[in-house]
Every structure is written in C-alpha cells, then in structure tokens.
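Chains P and W supply the protein sequences, listed in that same order.
Residue numbers for the first sequence follow numbering that gives the first Met the number 0, so the first one is 0 and each next one is one higher.
Residue numbers for the second sequence follow numbering that gives the first Met the number 0, so the first one is 0 and each next one is one higher.
Backbone N, C-alpha and C fix where the C-beta goes; we use that ideal spot for every residue, glycine too.
For clarity, every value in this text was computed on a predicted model and none was experimentally measured.
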Amino acid sequence: MNILLKSVKILDPSNPGLHTKKRDILIKDGKIEKIAVKIDAENKITTIAKRNLHVSPGWFDGAVNFGEPGFEERETIANGLSTAAKSGFTDVVLNTGTNPVPDGSPDIAFLKNAGKGRATNLHPLGSLTVKSEGRDLAELYDMKNAGAIGFYDFKKPLSNGNLLKIALQYVQGFDGLVYSFPLDTQIAGKGNVNEGEVSTKLGLKGIPSLAEELQIVRDLFILEYTGGRLHIPTISTANSVKLISDAKRKGLNVSCSTAVHNLWHTDDTLKDFDSDYKTTPPLRNEKDIRALIKGVKDGTIDFVVTDHMPMNIERKKVEFDHAAYGTIGLESAFGALNSIFGAEATVDILTRGREYYALEKPEIKEGAMASISLFDPDETYIFAQEHINSTSKNSIFLNSELKGKVYGIINNGQLIF
Amino acid sequence: MSELSVKHLLGIKYLGEKDIQLIFETADHFKEVINRSIKKVPSLRDITIANIFFENSTRTKLSFELAEKRLSADVINFSAGQSSVKKGETLIDTVNNILSMKVDMVVMRHPNPGAGIFLAKYVNASIINAGDGAHEHPTQALLDSYSIREKLGDVAGKKVVIVGDILHSRVALSNIFALKLQGAEVKVCGPRTLLPKHIESLGVGVETDLQKALNWCDVANMLRIQNERLDISYFPTTREYTQQYGVNRKLLDGLDKEIVIMHPGPINRGVEITSDVADSKQSIILNQVENGVAIRMAVIYLLASKIKQ
Numbered sequence: 000m001n002i003l004l005k006s007v008k009i010l011d012p013s014n015p016g017l018h019t020k021k022r023d024i025l026i027k028d029g030k031i032e033k034i035a036v037k038i039d040a041e042n043k044i045t046t047i048a049k050r051n052l053h054v055s056p057g058w059f060d061g062a063v064n065f066g067e068p069g070f071e072e073r074e075t076i077a078n079g080l081s082t083a084a085k086s087g088f089t090d091v092v093l094n095t096g097t098n099p100v101p102d103g104s105p106d107i108a109f110l111k112n113a114g115k116g117r118a119t120n121l122h123p124l125g126s127l128t129v130k131s132e133g134r135d136l137a138e139l140y141d142m143k144n145a146g147a148i149g150f151y152d153f154k155k156p157l158s159n160g161n162l163l164k165i166a167l168q169y170v171q172g173f174d175g176l177v178y179s180f181p182l183d184t185q186i187a188g189k190g191n192v193n194e195g196e197v198s199t200k201l202g203l204k205g206i207p208s209l210a211e212e213l214q215i216v217r218d219l220f221i222l223e224y225t226g227g228r229l230h231i232p233t234i235s236t237a238n239s240v241k242l243i244s245d246a247k248r249k250g251l252n253v254s255c256s257t258a259v260h261n262l263w264h265t266d267d268t269l270k271d272f273d274s275d276y277k278t279t280p281p282l283r284n285e286k287d288i289r290a291l292i293k294g295v296k297d298g299t300i301d302f303v304v305t306d307h308m309p310m311n312i313e314r315k316k317v318e319f320d321h322a323a324y325g326t327i328g329l330e331s332a333f334g335a336l337n338s339i340f341g342a343e344a345t346v347d348i349l350t351r352g353r354e355y356y357a358l359e360k361p362e363i364k365e366g367a368m369a370s371i372s373l374f375d376p377d378e379t380y381i382f383a384q385e386h387i388n389s390t391s392k393n394s395i396f397l398n399s400e401l402k403g404k405v406y407g408i409i410n411n412g413q414l415i416f
Numbered sequence: 000m001s002e003l004s005v006k007h008l009l010g011i012k013y014l015g016e017k018d019i020q021l022i023f024e025t026a027d028h029f030k031e032v033i034n035r036s037i038k039k040v041p042s043l044r045d046i047t048i049a050n051i052f053f054e055n056s057t058r059t060k061l062s063f064e065l066a067e068k069r070l071s072a073d074v075i076n077f078s079a080g081q082s083s084v085k086k087g088e089t090l091i092d093t094v095n096n097i098l099s100m101k102v103d104m105v106v107m108r109h110p111n112p113g114a115g116i117f118l119a120k121y122v123n124a125s126i127i128n129a130g131d132g133a134h135e136h137p138t139q140a141l142l143d144s145y146s147i148r149e150k151l152g153d154v155a156g157k158k159v160v161i162v163g164d165i166l167h168s169r170v171a172l173s174n175i176f177a178l179k180l181q182g183a184e185v186k187v188c189g190p191r192t193l194l195p196k197h198i199e200s201l202g203v204g205v206e207t208d209l210q211k212a213l214n215w216c217d218v219a220n221m222l223r224i225q226n227e228r229l230d231i232s233y234f235p236t237t238r239e240y241t242q243q244y245g246v247n248r249k250l251l252d253g254l255d256k257e258i259v260i261m262h263p264g265p266i267n268r269g270v271e272i273t274s275d276v277a278d279s280k281q282s283i284i285l286n287q288v289e290n291g292v293a294i295r296m297a298v299i300y301l302l303a304s305k306i307k308q
C-alpha cells in the first residue's frame, strides 16, 4: 500500500531537523520513501490530508491485557490489537493475565502467532514461575527464544524473596528481564483501595503505601546483591518514586513504570463505590500524583503504561468488594497524557521504554520502515462510550475531559485510520 | 422542614442536620405511640417492606420488624442462608426478584461496604441501610444520638468518646458522622491497632488511655469486640484488652463527674463493660433499644411518605 501524508506536523524530539516541521511524507511498501515540503500525489496512492494532523514515531505501551486465551469475553487478541492501533500504538507488551498463563514456549508461540499480520506488534511476556504460582521458575530461556521479552507473574507479588534472588541470577545468562509486582501481601492484607481519608470514610479496607514501598525496598536490596535487570511495574506512591530514584543514582539496573490512570485520578473518585475506579495498584492521592508526574518528567519513571485491563460487566457490576480490578486504557491514553504533559512531552513519553525490551525505536526518516502514529493534539472532548473500541467498556476515564484525538497508525505496511 | 432530603437512608453522611432534626421530632411522636396501650398506627397500610439480611442479625432485624408492624406495613423477611445468593445470583437480581412481588421498600444488611449505595443505583425501591460492612449503620447512630438528646437535652456541645474496635465498626463511623453533624465533640479510644490510621481526618480526637478519655467525656459509647471480624490478633488476649479498655465501677467512681454509658449491644459482660456498670443508672443501654423502634418507625414513615408522593 502506498500512502501520502499531506502537510502533517512531525513531532519527534529525537530528530531536531524535522521536529515540529510541517511536511509531506510518502510511504511506499511500508517504507518512508520521501519527506519533503511538497510531494505530488501519484496514481493509486492513498492520500491523507486532515487539518492539524500530527505524526510521531509509533507509540509503545509496556502493559496491556487482552484476555485471550481463557477470558475472551473480556477481549480477544484481534480486537485488542485493533484497539491499540486505533489508539495510536504500534507496539504493545502483553501481560500474562490469561488462563492458562503463558509459562512455556508453546504458549508464547501461540501468542506470537495470534499477533501475526496485524498493524500493531504484539510482544508477549512469559510467566516468571510455573502457573504464576510463585514457587518454581518457568522455562525462561526457552520462552525467551520463543519470543517472550520479559518475565512476570501478572500482578502477583513474589512473596518469596529467595525466588526473586534466584530469578535475577538465572536470567543473567541470557539477559532476561525480571518483573516484580510491588506489594507486600501481609501489609496489604484484605485491602482493596488506598488507605487514607477516603477508605476511612467509606469503611473500605485500605492498602497502605507502605505495602508497595516495603516490597520495593526488599527487591532493590536483592537486586543490589544479585545484579541483573529488574523491572518494577506500575508504581503508585510518592515514596516509591524516591526509592527508585535513589537506587538508580546508586547505579542499580532497575526500571519502573506507572499507569496513566494513576497520574489522573485520586481515590476521591471512590466515594460512590463505583467499581470502575477499582484498580491495582489503587488510586492514591494528590501528593502521589504530583510525585509520579515529576518522576515521569525527570525519567525516574522510565515509561508510562495503560495497564489496559478489559473486564466484562458481570465482573464489575457487583458489590465493590466483589468487583474485579482494572480499567481499559488504550483509547484514553494519549488524551490523558497530552492533557497532563502537552504534545511534545507526551510523544517523548509514549516512545520511551522499548530499550528495556531490546525493541528498535522507530524513526521518521527517509529509508526507514514506517512506524507512525497519527493524531491531533488540540481537539478537546468528553471521553464517552462512543470512543471505546474494546469489547469491555470498563473505562476509568468515562466522563473525563481529554485533550488530544488519535486517528490511528501506519505500521507493518498497514494503514489504520 | 417536613420531608427528608433523601430518597434512601444509605448512611449518615448523606443526611443534613435538618434531616436528623426531622427524624428526631417524628420519633418523639412514635415514642409516645409505642407507649400507649394500643401500640400501633395505620399509617403504612399500603406499604410493603422487605427485610433482606445477608448477614446475621437479631436485634436490628427485630427492631426493624417491630417498627414496620407498628406502622401497619406488610412485612416479608429474607435471609441469605435460605436464598438463591448461594446459587450464584447477583445482588441486583435477588433484590429485583423480590421487588417484582410489589415491594416498596428494602431494609438491607450486607457484609460489603457500599452495598446499599450500589443497589440504590440499579433498583427501583427506597432502601434503608441496616449495616453495610464496616461502612455505616445509620439507624443505630440516629438512635444513639436520640438517646443522648433524651438524656442530656441536646447533642450539640457534648463530648462523646467511642471506645473499642473502631477499625471494623460501622456503628463507630455512623456515630462519628452523626455526632459531628449535630455539633458534638468526638474522640475515639482503644488500642492503636483497632483505630484506623487516618481516623483523625474525620475530625475526631484519638485517645489510647481509657481513664483520660472518660475524664474528658460526657458520654462513653462502649463497643463490643467483634471477634468474628478480626482476621488476625489485634491484641494479645481478651483479658488484657479488658484490663485496658473495659469500663468498671472503680473507673467511673474515680471520675469527678457522672458520665452517661451507652452500648449498641449485644454486650459482653465482664469484657468491655462490667455488670455493675451496665445495670447502673448511668447506663442508658435499654433506653437505646426502646428508642431504636421509635427511630426506625420515624425513618420508615418519612421515607414511605416520599414514595407516596
């Protein structure tokens, strides 16, 4: 397919020559053939001309869930990837929240195969332990060879510190990336929301920030002992940012992420016991949000993820204590981040993180394969059901005013627009 | 003000001060009714009420049922033990099935916080929360305040200490909201393990020394240790708890004033309260029980009159 993008504004802070410039871009057979002030349309070419259309290198989401296999009623891989493409993402990392969990190379092969031929690239994680039960290491080397780009027992804390120690040592032979979900389950107890004024008023059991931070402290000490590469997914507290910042200064090879919704909502949203706001980690308070935003800006938080977690209504429309955790996030990610950080910083944030998974960072230059996100950073709208492409509609951003509309992507020779 | 500002009674925090005054004035009338030889009025002959209890209750259920019957409402009772809940039916479906039989009002006790608020969004009936997890137990707080008002003339300006397991207590939370709304000063007292870490954010004081708390207060509301709700040990033994937080005659005699003793029941004699205190003239425990019926009649009557509109 040949595509001509007319008069698009390029946002790519890593390419000062083209950054913020308006250009025409000609794409032939998936490759960027020409970038110039004016390119004339040839025959048999799809021309895209839209007012205020912006492009940037394709976006990366380090944490999505699609439910397949096992929870297809929540989301399928096909529709999940289609949603990612429509939301501007050219690469997504697939979490291990499936049933069964991917804990062997055939599972990884299944996922890789299911993602083949799509506009958005699917990069699966493998389970760190067999059945994600936190007891015995899964065949990590074999899964890595099959295409697993990291190892994670999805949202399940490793209560056995020795297991983390062994995992971090073992993967050094093949440069594996180990995830450790930051939660001390004893301190968290039966908590399901942030511990604070709101949980006190609502009589809900709280998870103190301490539960997250204590686990991070433990993990950092283990990392210091073992060496290797540790990733701490979806941190949520101010102190966690500080702990990781200190560890990086010390030279530890640790990376971390935070979820978009943890930069946007506080636990005040829980006051009507609305289970769409039930997430793990929980929504925290203003002070935490400020610290997380600062951490994203200064790079302490390596990248921001949607933590996209489709959940069928039967698991959400129940008493708060019984409701499942999680929110979808792909469709609202750009609008939310752009509202917080502005367009240039948002493009930077959404193109960070690939380096931890040895994935190539796309560039907008002649001769490169086209991996491009298409968007208008200035359109403002109230996020509503009509903006949701996911099978499940559990969005924490419903009724939020977002700035920034996404048109789609060009990737793998496909145009999603 | 002649009507409530709310359609449901889901928690004290959704009420205004005027709502509470209206409920009290209405309860004054019903208290007079239940002390007549004929204890019944025909007010709610056209109203059907379902008492739906997903958690065990004896006195609250009895009190609600009496209140309903003394207002001449039709009453049906439903407990989770005998229900389809265990077969996997959702709360909304369970309640909607009952409402299909032309029920106007639901009194619900439920183990999960916010269950009543959740239900009110999805079903078409007036809902009274008879206790939802550790969230609220509004009629208990109303009858407690009503009993203080009856004994001391007013709630405003009074100093009330709530003693015991505040962490797991909907009674404590609703009492805090109700007392603060009426202008009382509130402290909570107990071992730090049983006081929510952020309780001071609700504008209450914290005291871990019972004697100091009693010296400060006009009213002490003694809560039961709810062993069934304690998933881990928050204190070493009941004996040691009693040594620190049980109220006894000697403690009361050592104070320079006579304070009022309350308890939402059921009381554990010899644990949080000794018999000579529970049975003394300082105790208004049985008045609370009597007032419970009048308060619940008032709440039901006022919510039913909103349905009739």
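Report the residue from the options whose alpha carbon sits nearest the alpha carbon of residue i.
i: residue 88 (chain P); options: P:357, P:345 and P:402; result: P:345
i: residue 311 (chain P); options: P:322, P:305 and P:158; result: P:322
i: residue 144 (chain P); options: P:174, P:160 and P:168; result: P:174
i: residue 243 (chain W); options: W:282, W:51 and W:164; result: W:164
i: residue 195 (chain W); options: W:295, W:303 and W:133; result: W:133
i: residue 343 (chain P); options: P:1, P:6, P:17 and P:2; result: P:17
i: residue 50 (chain P); options: P:374, P:130 and P:339; result: P:374
i: residue 143 (chain W); options: W:49, W:257 and W:293; result: W:293
i: residue 223 (chain W); options: W:198, W:266 and W:3; result: W:266
i: residue 217 (chain W); options: W:185, W:298 and W:105; result: W:185
i: residue 67 (chain W); options: W:237, W:127 and W:287; result: W:127
i: residue 291 (chain W); options: W:305, W:178, W:138 and W:282; result: W:138
i: residue 427 (chain P); options: P:198, P:168 and P:46; result: In the structure as shown, chain P starts at 0 and stops at 416, and residue 427 (chain P) therefore has no counterpart that could be examined.
Name the DSSP beta bridge partners of residue i, please?
i: residue 120 (chain P); result: P:90
i: residue 53 (chain P); result: P:8 and P:374
i: residue 410 (chain P); result: P:413
i: residue 402 (chain P); result: P:379
i: residue 344 (chain P); result: Note: residue 344 (chain P) sits in no beta bridge, so no partner.
i: residue 55 (chain W); result: Residue 55 (chain W) pairs with nothing; no bridge assigned.
i: residue 178 (chain P); result: P:230
i: residue 73 (chain W); result: W:47
i: residue 326 (chain P); result: P:307
Kindly list, in the order they appear in chain W, the residues whose Cβ is closer than 9 Å to that of residue i.
i: residue 195 (chain P); result: 196, 197 and 200
Got a sec, what are the start and stop residues for the alpha helix (DSSP H) residue i sits in?
i: residue 284 (chain P); result: Note, residue 284 (chain P): premise wrong, no alpha helix (DSSP H); not H, not E.
i: residue 111 (chain P); result: 104 to 113
i: residue 146 (chain W); result: 137 to 151
i: residue 20 (chain W); result: 16 to 33
i: residue 92 (chain W); result: 90 to 98
i: residue 120 (chain W); result: 114 to 121
i: residue 37 (chain P); result: Careful: residue 37 (chain P) lies outside any alpha helix (DSSP H) and carries neither H nor E.
i: residue 218 (chain W); result: Segment 218 to 221 is the beta strand (DSSP E) holding residue 218 (chain W); no alpha helix (DSSP H) there.
So which residues on chain P does residue i lean against when the C-beta distance must stay under 8 Å?
i: residue 291 (chain W); result: In chain order: nothing, as chain P lies at least about 21 Å away.
i: residue 207 (chain W); result: Within chain P, no residue comes near residue 207 (chain W); the closest Cβ sits about 18 Å away, beyond 8 Å.
i: residue 90 (chain W); result: 317 and 318
Which residue comes first and which comes last in the beta strand (DSSP E) that contains residue i?
i: residue 231 (chain P); result: 228 to 231
i: residue 240 (chain W); result: Element bounds for residue 240 (chain W): not the beta strand (DSSP E) but the alpha helix (DSSP H), 237 to 244.
i: residue 127 (chain W); result: 125 to 131
i: residue 25 (chain P); result: 21 to 27
i: residue 257 (chain P); result: 253 to 258
i: residue 58 (chain P); result: 58 to 63
i: residue 185 (chain W); result: 184 to 188
Find the residues of chain P that neighbour residue i, judging by a C-beta separation of less than 7 Å, and give them in chain order.
i: residue 220 (chain W); result: Ordered by position in chain P, no residue passes the 7 Å Cβ test against residue 220 (chain W), which lies about 17 Å from the chain.
i: residue 114 (chain W); result: 318
i: residue 117 (chain W); result: 272, 318 and 319
i: residue 172 (chain W); result: 202
Whose Cβ in chain W lies nearer than 8 Å to the Cβ of residue i?
i: residue 201 (chain P); result: 112, 113 and 134
Handout entry: Short-range partners of chain P found in the region 146 to 169 of chain W, where Cβ spacing is below 7 Å
Key = 169
Exercise for the section: Using a Cβ-Cβ cut-off of less than 8 Å, give me the residues of the region 123 to 136 of chain W that come near chain P, in sequence order. Expected result: 131, 132, 133, 134 and 135
Practice task
Output, in sequence order along the chain, the residues in the region 26 to 52 of chain W whose CB is closer than 9 Å to any CB in chain P.
Solution key: none
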